[in-house]
Amino acid sequence: MRGVTGALAGPVRRTLPWRALGAAGTLGLLLAGAPALTGAEPTDGQTLVLLRGIALTGALGLAFLLDDPARHLTAPVPTRRPARQALRVALVAPPAALWWTAVLLLTPSGTRPPVGDVTLEAAVICALALAGATVAVRLTDEPRPGPSVAAALLLAAVLAPLLAPESWALFVPPGDERWAAAHDRWAVLLCAALVVAAVGAAEPLRRGRLR
Amino acid sequence: MTPTVSASGLSLRHGGTRALDDVSLRLSAGVTGLLGPNGAGKTTLLRVLATAVPADRGSFTVLGHDPGTSRGRQEVRRRLGYLPQTPGFHPDFTAFEFVDYVAILKELTDRAARHREVRRVLDEVGLGGVRGKRIRKLSGGMRQRVALAAALVGDPGFLVLDEPTVGLDPEQRMRFRELIAQAGEGRTVLLSTHQTEDVAMLCHRVVVLAGGTVRFDGTPAELTARAAGRVWSSTERDPGAKAGWRTGLGTFRNVGDPPAGADLLEPTLEDGYLLTLDGAGTEVAA
């Protein structure tokens, strides 16, 4: 298996949706650098909203990660789908981490929210994008589910702050007494998204409700 | 002869539609044609046998391995070549790079041996001279041959081909027939097609699928024989015919139950196919 993974890394790197990832990354960096470029001095809350927006931008790019025009031809190969999808994630993870670090460094340090907590939020949004993509691959025959996944993620991002119950508040401002509790919930969401991604990646032997 | 593929009671629903309904068949070495109208369940059956999608019910084995278990599915996939209806490519790859990529996915990890195998299959499909060319610059027929090369890499014992000649011009189709016939030497090939001529020319056996069920399973000669005495010529379209059309000679070729004293014609495989579909309650296009 290790031999296959090593040999696959090169070709799979070339099959990644670099255009979508690059566009999302560039937009994210531009947004992060906007305050410095325009001389604006955002408040703590504005910087947090900006970072959440940038995380969403990055996640929208990741929604395309499992797009594969050759999907039908390569479906019944002995290299398992979870391994192939994990390789795609592994290949994109280092540049994504570098990108997020650059985003954090570009935002005004004086108003930057706690880095660990906001990184957790970004990780959840990205994990949700990946979970959506794995489920879309599992449930549909679409070789390029990215646009649908991105649209669903965008809709969820718009609706979540409006529909989330007060007792399960996620989008709290910095300094709010609910901040720590909210980030416990973000951690729960991260676990849930990773579980969904893992279930979505698996290839069922029998058709059940999740096909 | 031990069958390469043995399927029993395969059923699968898509939403409210029964795509496969209790399909049982046995395939052995040589080319078997799978005929059927659009929506008959051909692609679904091929995808199930290729382990791309699991069935709701039923079971099958390929070369003695049961894909109903994780290990068995791996073993089946190691012995399988699959050319889907719409293969899809990474257009920036060259033909060589793409087939090499599929070869890695098929666990051919030794680089030198793999490259030899990739060159072999590209030569086999007649693309040795353009293996360094990007797929985006290849014609539709050449791309289809790249997909066939990808299916052939690793010398699979069971080859599943889903309408490989669709969209090809007559010359390319002829070339593809040669390739499929060659591929069928010593291995089991299941060929889904709308082209009855492909079946007549290539296949030692034919399965007709309609409404998700097997309507016929036999030799092309047996399918043709179903139309014996049921094809006739007339100067007007016979209203009693199941299907009838004016030929280039100006007379009508009718298929169905001929009137007494009709001028009977030699049936073709297509006539037998049309009558088989009609007997199954499927609409026959006149």
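These protein sequence lines are chains A and B, in that order. Positions 665 to 875 (my numbering) are the ones given, in order, by the first sequence. Positions 424 to 709 (my numbering) are the ones given, in order, by the second sequence. Think of the CB as a built atom: it goes at the ideal place given N, C-alpha and C, for glycine as much as any other residue. Remember, it's a predicted structure, so these values are computed and weren't measured experimentally.
Compute the beta-carbon to beta-carbon distance between residue i and residue j, rounded to the nearest angstrom, for a pair I have assumed lies under 8 Å.
i: L448(B); j: V612(B); result: In fact, because the Cβ distance is near 14 Å, the residues do not count as touching under 8 Å.
i: D731(A); j: P778(A); result: No, D731(A) and P778(A) are not in contact; Cβ-Cβ is about 34 Å, not under 8 Å.
i: L715(A); j: V822(A); result: Rounded, the Cβ-Cβ distance is 17 Å, inconsistent with contact.
i: R496(B); j: L751(A); result: At roughly 20 Å, the Cβ-Cβ gap does not stay under 8 Å, so R496(B) and L751(A) are not in contact.
i: G511(B); j: A815(A); result: At roughly 22 Å, the Cβ-Cβ gap does not stay under 8 Å, so G511(B) and A815(A) are not in contact.
i: E530(B); j: R501(B); result: 7 Å
i: L632(B); j: L486(B); result: At roughly 23 Å, the Cβ-Cβ gap does not stay under 8 Å, so L632(B) and L486(B) are not in contact.
i: E785(A); j: A719(A); result: 6 Å
i: A793(A); j: V813(A); result: 7 Å
i: G432(B); j: R628(B); result: No, G432(B) and R628(B) are not in contact; Cβ-Cβ is about 20 Å, not under 8 Å.
i: V583(B); j: L503(B); result: 7 Å
Pick from the options: whose alpha carbon is nearest that of residue i?
i: T455(B); options: S434(B), F516(B), T427(B); result: T427(B)
i: T738(A); options: D523(B), G491(B), P460(B), D489(B); result: D523(B)
i: G684(B); options: V654(B), L697(B), L698(B); result: V654(B)
i: T707(A); options: P837(A), E867(A), G864(A), A750(A); result: P837(A)
i: A800(A); options: G864(A), C790(A), A787(A); result: G864(A)
i: H488(B); options: F581(B), G552(B), G459(B); result: F581(B)
i: W780(A); options: H847(A), A815(A), A816(A); result: For clarity, residue 780(A) is Gly in the given sequence; the question names Trp instead. Among H847(A), A815(A), A816(A), the Cα nearest to that of G780(A) belongs to H847(A).
i: V713(A); options: L768(A), R808(A), T804(A), V813(A); result: L768(A)
i: F516(B); options: A473(B), L531(B), V569(B), L528(B); result: V569(B)
i: P662(B); options: H617(B), M624(B), T647(B), D680(B); result: D680(B)
i: D694(B); options: G635(B), A623(B), L506(B); result: A623(B)
i: E520(B); options: T636(B), Q508(B), R559(B); result: R559(B)
i: L443(B); options: R480(B), L450(B), R543(B), S429(B); result: R480(B)
i: L625(B); options: R610(B), E540(B), I603(B), G551(B); result: I603(B)
i: V525(B); options: W832(A), C855(A), G674(A); result: G674(A)
i: L817(A); options: D805(A), A833(A), F835(A), G796(A); result: G796(A)
i: T775(A); options: L672(A), L694(A), T711(A), L794(A); result: T711(A)
i: A704(A); options: T771(A), R802(A), L693(A); result: T771(A)
i: A572(B); options: V553(B), P477(B), P587(B), V544(B); result: V544(B)
i: A650(B); options: P690(B), D640(B), G635(B); result: P690(B)
i: A820(A); options: S831(A), T804(A), I789(A); result: I789(A)
i: G590(B); options: A473(B), Q508(B), P477(B); result: Q508(B)
i: Y696(B); options: G551(B), R669(B), T492(B), V678(B); result: V678(B)
i: A684(A); options: P740(A), E806(A), A760(A), H736(A); result: A760(A)
i: G697(A); options: L834(A), E867(A), A833(A), W763(A); result: W763(A)
i: V676(A); options: A791(A), Q749(A), S831(A), A857(A); result: Q749(A)
i: L506(B); options: F599(B), L672(B), P682(B); result: F599(B)
i: F639(B); options: L688(B), L700(B), E601(B); result: L700(B)
i: P807(A); options: H513(B), E608(B), F675(B); result: H513(B)
What are the boundary residues of the alpha helix (DSSP H) that residue i is part of?
i: K465(B); result: 465 to 472
i: G722(A); result: 708 to 726
i: F599(B); result: 593 to 606
i: R539(B); result: 534 to 547
i: L737(A); result: 735 to 738
i: G551(B); result: G551(B) -> no alpha helix (DSSP H), and no H or E assigned at all.
i: D781(A); result: 779 to 803
i: G810(A); result: 810 to 827
i: Q567(B); result: 563 to 575
i: P759(A); result: 745 to 770
Going by the DSSP bridge assignment, what does residue i pair with across the sheet?
i: T455(B); result: L613(B), R628(B)
i: W655(B); result: N677(B), L687(B)
i: Y505(B); result: V583(B)
i: H488(B); result: V485(B)
i: T702(A); result: Note: T702(A) sits in no beta bridge, so no partner.
i: W850(A); result: DSSP, once it has assigned bridges, lists no residue as partnering W850(A).
i: A430(B); result: L448(B), F483(B)
i: T636(B); result: A633(B)
i: A664(B); result: G679(B)
i: T517(B); result: R557(B)
i: T440(B); result: H437(B)
i: G641(B); result: V629(B)
i: R678(A); result: None; R678(A) has no bridge partner.
i: R669(B); result: F675(B)
Kindly indicate the opening and closing residues of the beta strand (DSSP E) around residue i.
i: F483(B); result: 480 to 485
i: V836(A); result: Premise fails: V836(A) is in no beta strand (DSSP E) and is neither H nor E.
Given 8 Å, three or more beta-carbon pairs between the segment 818 to 834 of chain A and the segment 436 to 452 of chain B: no
Count Cβ pairs between the segment 713 to 724 of chain A and the segment 676 to 691 of chain A that sit closer than 8 Å; are there 3 or more? yes
So, do the segment 647 to 663 of chain B and the segment 459 to 468 of chain B have three or more beta carbon pairs nearer to each other than 8 Å? no
Is the segment 588 to 607 of chain B touching the segment 560 to 577 of chain B in the sense that three or more CB pairs, one from each, lie closer than 8 Å? yes
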